[in-house]
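Step one of this worksheet: look at the structure below.
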Amino acid sequence: MEMEILGAGFVLSSPFSSLSFFSSSSFKVQLLRTPSILSLPIRCSSHEVTPSEKLPTRINLSLTGGAYDFTKGTASLTNELIASPKKVMILRHGLSTWNAESRIQGSSDLSVLTEDGEKQAERCKKALENLYFDQCFASPISRAKQTAEIIWQGREKPLIYLDSLREISLYHLEGMKNGLNQYVHNLEAVDAKRIYPKEYITWREDPANFVMNGRYPVRDLWGAARACWKEILLSPGESFLIITHKSILRALTCTALGLGPERFRSIDINNGGICAFNFNTRGEAMLEGLNITAHMYSDHVYNG
Numbered sequence: 007m008e009m010e011i012l013g014a015g016f017v018l019s020s021p022f023s024s025l026s027f028f029s030s031s032s033f034k035v036q037l038l039r040t041p042s043i044l045s046l047p048i049r050c051s052s053h054e055v056t057p058s059e060k061l062p063t064r065i066n067l068s069l070t071g072g073a074y075d076f077t078k079g080t081a082s083l084t085n086e087l088i089a090s091p092k093k094v095m096i097l098r099h100g101l102s103t104w105n106a107e108s109r110i111q112g113s114s115d116l117s118v119l120t121e122d123g124e125k126q127a128e129r130c131k132k133a134l135e136n137l138y139f140d141q142c143f144a145s146p147i148s149r150a151k152q153t154a155e156i157i158w159q160g161r162e163k164p165l166i167y168l169d170s171l172r173e174i175s176l177y178h179l180e181g182m183k184n185g186l187n188q189y190v191h192n193l194e195a196v197d198a199k200r201i202y203p204k205e206y207i208t209w210r211e212d213p214a215n216f217v218m219n220g221r222y223p224v225r226d227l228w229g230a231a232r233a234c235w236k237e238i239l240l241s242p243g244e245s246f247l248i249i250t251h252k253s254i255l256r257a258l259t260c261t262a263l264g265l266g267p268e269r270f271r272s273i274d275i276n277n278g279g280i281c282a283f284n285f286n287t288r289g290e291a292m293l294e295g296l297n298i299t300a301h302m303y304s305d306h307v308y309n310g
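As numbered in the working numbering, residues 7 to 310 make up the sequence shown, in order.
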């Protein structure tokens with residue numbers, strides 16, 4: 007990422023600068039706009055700078071100071087060198103029937119895209135049409151698979167389905183009502199909390215210690231995320247698109263940032279939301295964008 011100093015302001019730009027939380031393709035912060043301040047000389051040691059001494063038209067500075075390339079600056083997800091730097095975008099599937107009904111989905115394959123979910127996938131397709139991807143990896147579960155098929159339609163290379171991108175398994179909680187959300191009103195009693203109060207509360211409040219059938223699903227998910235990252239980053243190509251589910255997307259993001267399963271609920275991803283990463287040749291991640299959703303509320307199209 008570079009800082010470009012332009013006149014009295016600066017522009018933040020990066021390989022993913024167009025993947026912004028704002029509808030415009032850049033974010034400008036204007037500095038020192040008060041006329042009385044600008045009209046005064048600036049004294050520094052024995053040198054006097056007057057308004058007649060103009061700033062250079064453009065100065066390129068590294069905002070990270072090169073720290074991104076320092077050994078052990080971040081954790082490697084591959085534990086070996088990769089052929090080239092990678093750009094990875096991860097997208098959550100569109101609204102599903104069980105999202106709309108506020109049901110716990112997990113690894114169940116009974117939930118499919120709603121009509122709104124299909125429209126969301128179309129929005130994602132439009133937003134990404136100017137970006138080239140060497141490969142697209144997707145979960146084989148229906149709601150993610152449908153989203154991927156819509157987004158990837160018209161591209162030459164085949165979709166690649168990875169079992170490591172499947173959603174977390176929540177066993178007998180799957181299909182149960184999860185509570186009110188923005189899509190549903192006047193729901194019946196929340197089945198999951200009423201029938202399995204201990205498990206449900208642990209799942210919501212302490213997911214790293216959530217146990218079902220003698221397993222720790224969230225901890226298992228962290229292992230799946232690490233394996234998934236290694237498989238994808240060692241694949242040929244330099245730019246990848248991943249289409250999957252919220253829980254595994256959380257795990258992928260957290261493992262890339264070196265966060266453990268106790269941080270499972272520290273981030274959230276909307277349906278159709280995008281996370282963008284850069285990786286150096288040591289397989290170390292830099293998060294460029296989290297839950298990018300400009301395209302879900304406008305006709306915004308991203309450019310590489």
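Here a beta-carbon is modelled for each residue, glycine too, at the ideal position from N, C-alpha and C.
Distance from the Cα of T84 is smallest, within the candidate group C234, H301, V307, E162, for C234.
Rounded to the nearest whole angstrom, the CA to CA distance from K151 to Y222 is 26 Å.
Beyond the five residues adjoining it in sequence on each side, R288 comes within less than 6 Å, by CB distance, of S82 in the same chain, given in chain order. Going by beta carbons, E173 and S253 fall inside the 8 Å limit. Taken through DSSP and simplified to helix, strand or coil, E211 comes out as helix. Per DSSP, reduced to three states, the secondary structure at I166 is strand. Annotated as proximal: S175 and S113, with beta-carbon spacing under 8 Å. Between R109 and N184 the beta-carbon gap is near 6 Å, inside 8 Å, which marks them as a contact. Closest by C-alpha distance to A231, out of W104, G264, S117, is G264. Ranking S117, E121, L179, D197 by CA distance to the CA of F216 puts L179 first. Residue burial is scored here from C-beta neighbours: S90 has fewer than 16 other C-beta atoms within 10 angstroms and is therefore classed as exposed. Residue environment analysis places N277 among the buried positions, since at least 16 neighbouring C-beta atoms fall within 10 angstroms of its C-beta. For the pair of segments examined, the stretch 280 to 294 was found not to touch the stretch 195 to 207: the number of CB pairs separated by less than 8 Å stays below three.
A check of alpha carbon separations from T153 across L137, R98, F139, L134 identifies R98 as the nearest.
Counting only the Cα atoms, G100 lies some 9 Å from C130.
Less than 8 Å divides the Cβ of F246 from the Cβ of V94. The straight-line gap separating the alpha-carbon atoms of I156 and A133 is approximately 12 Å.
In this model, V224 and E244 are separated by some 29 Å (Cα to Cα). Among the bridge pairs identified by DSSP, V94 is matched with F246, F283. Membership of E155 in the alpha helix (DSSP H) is indicated by the continuous run 148 to 158. Taking C-alpha positions only, S145 is separated from T103 by approximately 17 Å. A straight-line Cα-Cα distance of about 34 Å links D115 and N309. In this structure, DSSP gives S117 a state outside helix and strand, which the three-state scheme calls coil. Residue state for S304 is assigned as coil, using DSSP reduced to three classes. Rounded to the nearest angstrom, the Cβ distance from I96 to T250 is 7 Å, consistent with a contact under 8 Å. Residues A144, P146 of the same chain have their beta carbon placed closer than 6 Å to that of Y167, with the five preceding and five following residues left out of the count. Within its own chain, the residues whose Cβ lies closer than 8 Å to the Cβ of N219, once the five positions on either side in sequence are excluded, are Y177, listed in chain order. Setting aside the 5 residues that flank it on each side, E124 is surrounded in the same chain by G100, I156, each with a C-beta closer than 7 Å to its C-beta; the list follows chain order. When C-alpha distances from E211 are compared across I248, V307, L165, E268, the shortest belongs to E268. Sequence-distant partners of E121 (beyond 5 residues in either direction) whose C-beta falls short of 7 Å from its own C-beta are missing from its chain. Counting every other CB atom within 10 Å of its CB across the protein chains shown gives E290 a total of 16 or more, marking it as buried.
Beta-bridge annotation (DSSP): Q141 is paired with F246.
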